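To start, the structure itself, in structure tokens.
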Amino acid sequence: GAGVSQSPSNKVTEKGKDVELRCDPISGHTALYWYRQSLGQGLEFLIYFQGNSAPDKSGLPSDRFSAERTGGSVSTLTIQRTQQEDSAVYLCASSFGGGRSYNEQFFGPGTRLTVL
Amino acid sequence: AQKVTQAQTEISVVEKEDVTLDCVYETRDTTYYLFWYKQPPSGELVFLIRRNSFDEQNEISGRYSWNFQKSTSSFNFTITASQVVDSAVYFCALMAQGGSEKLVFGKGTKLTVNP
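Sequence lines, in order, name chains A and B.
For what it's worth, our numbering labels the leading residue of the first sequence as 1136, then goes sequentially.
For what it's worth, our numbering labels the leading residue of the second sequence as 2, then goes sequentially.
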């Protein structure tokens, strides 16, 4: 079956612009996660969605970052007024979740964001 | 707070050597899960193994083996008879039962296996 897909694979933007990153999880997976990978900070958790529950936004670095998940499937991560420090690879993952936290998370290929 | 430490930033070995990647974790939760992921040069994270805190049995899968010791809060990963294809960045990660189902990652160890 298809894995986690993300688009675009690369995004170059100018400082101050807004960007939207998309994630399509594995069909049947109820949990969806966003992480960020940067040279200085390693792999950082951003946000977690589980079914219809309120998302865990504890990892979002500032109020310029937001995410939504429509229909329990596709998710969009939005970064407003991008800054150079937002440059990173944004990774999406999905799993069966729902309390079965022992299930592994399957990762997508990531979106490489470069803010000029 | 949860924390994962991978003290080895980079390791370089010659093919066929055995290599151990260290992982030390911190958590106050009694129930937690430990993971190893591989990130090859292509960039996509690949799941290798998961372990729960109640299962301290070591595991072997082909050339890979994992040593989980709660007494030292360690979950080390050994590759036997390394191959060039093992070259990648390896991440150890922790998920606690009590909180959000997020993974807390170590900084990763970059393994280079030279022919």
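Glycine is no exception: its CB is placed at the ideal position from the N, C-alpha and C atoms.
Please read all numbers here as calculations on a predicted model, not as lab measurements.
| field | beta-carbon A/R1199 near the ligand NAD non-hydrogen atom, thresh 6 Å | value | Questions concerning the ligand NAD fall outside what the structure shown contains, since it holds no ligand whatsoever.
| said: Applying the 10 Å Cβ sphere with the 16-neighbour rule, what's the burial state of B/S28? | reply: Counting from 1 along the second sequence, the entry for residue 28 of chain B is found at position 27. Before going on, a small fix: residue 28 of chain B reads as Thr here, not Ser. By the neighbour-count rule (16 or more Cβ atoms within 10 Å), B/T28 is buried.
| task | Please name the residue, chosen from A/D1198, A/G1163 and A/S1142, that lies closest to A/Q1185 on a Cα-to-Cα basis. | result | Counting from 1 along the first sequence, the entry for residue 1185 of chain A is found at position 50. Distance from the Cα of A/Q1185 is smallest, within the candidate group A/D1198, A/G1163 and A/S1142, for A/G1163.
| Taking DSSP as the reference, what is the three-state secondary structure of A/S1173? | To locate residue 1173 of chain A, count along the first sequence from 1; it is residue 38. Residue state, collapsed to three classes: strand.
| Where the segment 81 to 105 of chain B meets chain A: residues whose CB sits under 9 Å from a CB there | F92, A94, M96, A97, Q98, G100, S101, E102, K103, L104 and V105
| task | Under the assumption that A/I1182 contacts A/R1199 (Cβ atoms under 8 Å), give the Cβ distance between them as a whole number of angstroms. | result | Looking up residue 1182 of chain A in the first sequence gives position 47. Looking up residue 1199 of chain A in the first sequence gives position 64. No, A/I1182 and A/R1199 are not in contact; Cβ-Cβ is about 13 Å, not under 8 Å.
| message | Just list the residues that DSSP pairs A/D1191 with in beta bridges. | response | Within the first sequence, residue 1191 of chain A is the residue found at index 56, counting from 1. Beta-bridge pairing links A/D1191 to A/Y1183.
| field | Minimum Cβ-Cβ distance from B/L49 to chain A less than 7 Å | value | Counting from one through the second sequence, the residue named residue 49 of chain B turns up at place 48. Cβ-Cβ to chain A under 7 Å: no for B/L49.
| DSSP on A/E1220, reduced to helix/strand/coil? | Start at 1 with the first residue of the first sequence, and residue 1220 of chain A comes out as number 85. Reduced to three states, the DSSP call for A/E1220 is helix.
| said: At the level of alpha carbons, what is the spacing between B/P41 and A/F1241? | reply: Within the second sequence, the letter at position 40 stands for residue 41 of chain B. Within the first sequence, the letter at position 106 stands for residue 1241 of chain A. Looking at the two C-alpha atoms, the distance is approximately 15 Å.
| Name the chain A residues that come within less than 7 Å of B/E11, Cβ to Cβ? | Translated into the one-based positions of the second sequence, residue 11 of chain B becomes position 10. Ordered by position in chain A, no residue passes the 7 Å Cβ test against B/E11, which lies about 14 Å from the chain.
| CB of A/N1145 within 7 Å of CB of A/R1247, strictly | The sequence position of residue 1145 of chain A within the first sequence is 10, counting from 1. The sequence position of residue 1247 of chain A within the first sequence is 112, counting from 1. Yes, the Cβ-Cβ distance between A/N1145 and A/R1247 is below 7 Å.
| query | Between the beta-carbon of B/N59 and the beta-carbon of B/T21, is there less than 7 Å? | reply | Mapped onto the second sequence, residue 59 of chain B falls at position 58. Mapped onto the second sequence, residue 21 of chain B falls at position 20. In this structure, B/T21 does not lie closer than 7 Å to B/N59 by Cβ.
| Between the CA atoms of B/A97 and A/D1191 - distance to the nearest angstrom | Within the first sequence, numbered from 1, the residue matching residue 1191 of chain A stands at position 56. Within the second sequence, numbered from 1, the residue matching residue 97 of chain B stands at position 96. In a straight line, the C-alpha of A/D1191 is about 14 Å away from that of B/A97.
| said: As a quick exercise: from A/S1208, A/G1243 and A/S1201, pick the residue whose alpha carbon is nearest that of A/V1154. | reply: On the first sequence, position 19 is the one that residue 1154 of chain A refers to. Selected option, being the one with the closest Cα: A/S1201.
| request: Count the other C-beta atoms from every protein chain shown that fall within 10 angstroms of the C-beta of B/R64, then say buried if there are 16 or more, exposed otherwise. | output: Numbered from its first residue, the second sequence carries residue 64 of chain B at position 63. Result: exposed.
| So A/S1210 packs on A/C1227, CB below 8 Å; how close in whole Å? | Position 75 of the first sequence, counted from the start, is the residue given in the question as residue 1210 of chain A. Position 92 of the first sequence, counted from the start, is the residue given in the question as residue 1227 of chain A. A/S1210 to A/C1227, Cβ: 7 Å. Contact.
| Taking only beta-carbon atoms, is A/D1191 less than 7 Å away from chain B? | Locating residue 1191 of chain A in the first sequence gives position 56, counting from the first residue. With 7 Å as the cut-off, A/D1191 counts as an interface residue toward chain B.
| In angstroms, rounded to a whole number, what distance separates the CA positions of A/D1221 and A/L1178? | The sequence position of residue 1221 of chain A within the first sequence is 86, counting from 1. The sequence position of residue 1178 of chain A within the first sequence is 43, counting from 1. If I take the Cα positions, the gap works out to 13 Å.
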